[in-house]
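According to the working numbering, the stretch in the sequence shown is residues 5 to 278, in order.
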Amino acid sequence: MNRVPAAAKINLALLIGPVRPDGLHEVVTVIQRIDLCDSVTLDRAPTLIVEGYRKDTLVRSALAKLSASAGSEAAWRVRLEKRIPLAAGLGGGSADAAAALDLANQTLAMPLGHDELAGLAAEVGADVPFFLTPGPKLAEGAGERLRPLELPQDYWILLALPRLARKTSTADVYRRFDELKGAEDFDEKREALLNALESLRRPRDFATFPPNDLADAAGRSRLVDELLERGAFRADVTGAGPAVYGLFHHRADAGRAARRLRARARVWLVAPVW
Numbered sequence: 005m006n007r008v009p010a011a012a013k014i015n016l017a018l019l020i021g022p023v024r025p026d027g028l029h030e031v032v033t034v035i036q037r038i039d040l041c042d043s044v045t046l047d048r049a050p051t052l053i054v055e056g057y058r059k060d061t062l063v064r065s066a067l068a069k070l071s072a073s074a075g076s077e078a079a080w081r082v083r084l085e086k087r088i089p090l091a092a093g094l095g096g097g098s099a100d101a102a103a104a105l106d107l108a109n110q111t112l113a114m115p116l117g118h119d120e121l122a123g124l125a126a127e128v129g130a131d132v133p134f135f136l137t138p139g140p141k142l143a144e145g146a147g148e149r150l151r152p153l154e155l156p157q158d159y160w161i162l163l164a165l166p167r168l169a170r171k172t173s174t175a176d177v178y179r180r181f182d183e184l185k186g187a188e189d190f191d192e193k194r195e196a197l198l199n200a201l202e203s204l205r206r207p208r209d210f211a212t213f214p215p216n217d218l219a220d221a222a223g224r225s226r227l228v229d230e231l232l233e234r235g236a237f238r239a240d241v242t243g244a245g246p247a248v249y250g251l252f253h254h255r256a257d258a259g260r261a262a263r264r265l266r267a268r269a270r271v272w273l274v275a276p277v278w
């Protein structure tokens, strides 16, 4: 039996471009793992069994695709211990799928190589390939083109999920984004982000990144402004929301902000992880 953590992520930047011929949007995003983790346990079994979260689809899809690619039966038992909030923009489902893929691949008589496994992961979900390898990355294309980044890691992250937030489906958020014609200045914002990455030296430089393009379409949270007021040097929505994050230089400052927000939001004080 193998057990691994599946870390959540935040999008330190997320820019959305026009719709591609395949129906997906062009994206440019900076993705950073955080130490809020699910736990994924996998072992051989007579058939495919996923325990711990009955509505999971990404893990099932990932393992079904792996078995089809390997020409074998999907014969694994997976146990998910969920700590990452569901449908919050933190990538929990993708992280779980990547962890299960990697563990299951190791049980094969002839494991798939990294490129083949990454290609299969991209079929499962745009974020899944990111979670197959460590380190922060710049993701482009539909999210599958990944470039490792050397980013500062010496800061604290306060996650906040509004208690009364109603999750809008990711598809609806993108549809609203298109209605708002949000992709019109994509090229300029992409260039601005790449320039900001080139000059990034310390955590405070994250403040130069453009804001998340999906924030308005997802329904911009008052919590973003409040995190800035409470001392965050950058705050934004992650993914398609509704979770938001604030970056702080000092744990004590993040902790004080967390205490102020607990009445209106679920909060987690976390750190970046490689």
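We treat Cβ as the ideally placed atom computed from N, Cα and C, and that holds for glycine.
In this text, all values refer to a predicted model and were calculated from it rather than measured experimentally.
Rounded straight-line distance, which links the Cα of residue j to that of residue i
i	j	result
Tyr57	Ser203	42 Å
Asp191	Ala211	20 Å
Pro50	Asp229	51 Å
Ala91	Gly245	8 Å
Asp131	Ala103	12 Å
Ala126	Val241	23 Å
Asp106	Gln157	25 Å
Ala219	Ala12	19 Å
Arg238	Asn15	12 Å
Leu231	Leu52	43 Å
Arg167	Ala269	5 Å
Leu84	Ala146	27 Å
Arg87	Leu184	34 Å
Leu298	Gly259	The chain is shown only over 5 to 278; residue 298 falls outside these bounds and no answer can be derived.
Phe135	Pro9	11 Å
Ala1	Leu18	There is simply no residue 1 to check, as the chain begins at 5 and stops at 278 in what is shown.
Cβ-based neighbour list, residue i, same chain, cut-off 6 Å, excluding 5 preceding and 5 following
i	result
Arg205	none
Leu155	Pro140
Ala236	Gly250, Leu251, Phe252
Ser65	Val128
Glu144	Val32
Thr111	none
Arg81	Asp47, Ala49, Ile53
Span of the beta strand (DSSP E) around residue i
i	result
Val34	29-48
Val54	53-55
Leu19	6-23
Glu85	80-85
Own chain partners of residue i with C-beta closer than 8 Å, once the 5 adjacent residues on each side are dropped
i	result
Leu116	Leu70, Ser73, Ala74, Asn109, Leu124
Pro89	Gly96, Leu165, Ala247, Arg270
CA nearest to the CA of residue i, picked from the options
i	options	result
Glu77	Gly93, Gly96, Leu67	Leu67
Leu162	Met114, Ala113, Pro276	Pro276
Ser173	Arg194, Glu233, Ala221	Ala221
Arg266	Glu233, Ala164, Thr137	Ala164
Glu188	Leu197, Arg268, Asp217, Phe213	Asp217
Arg255	Pro207, Pro166, Leu136, Tyr159	Tyr159
Arg48	Ala113, Cys41, Pro89	Ala113
Ser225	Ala247, Arg208, Glu233	Ala247
Leu201	Leu94, Asp60, Ile35	Ile35
Ala175	Pro214, Gly243, Cys41, Pro215	Gly243
Arg7	Pro25, Val23, Ser43	Ser43
Arg24	Asp209, Asp182, Asp257	Asp182
Extent of the continuous alpha helix (DSSP H) run through residue i
i	result
Gly123	118-128
Val63	62-74
Ala269	From DSSP, Ala269 is part of no alpha helix (DSSP H) but of the beta strand (DSSP E) over 269-274.
Ala101	96-110
Nonlocal neighbours in the same chain, by C-beta distance under 7 Å from residue i, ignoring five residues either side
i	result
Leu62	Gly97, Ser98, Asp100, Ala101, Val128, Gly129
Met5	Thr45, Asp47
Asp39	Ala11, Val274, Ala275, Val277
Gly21	His29, Glu30, Val31, Ala187, Phe190
Pro214	Ala17, Leu19, Lys193, Ala196, Leu197
What are the start and end residues of each continuous alpha helix (DSSP H) run of 4 or more residues lying completely inside the segment 139-190, in chain order?
174-183
Please list the segments of the alpha helix (DSSP H) lying wholly inside the segment 217-267, counting only runs of 4 or more residues, in order along the chain.
The qualifying runs are 219-222, 226-233, 255-265.
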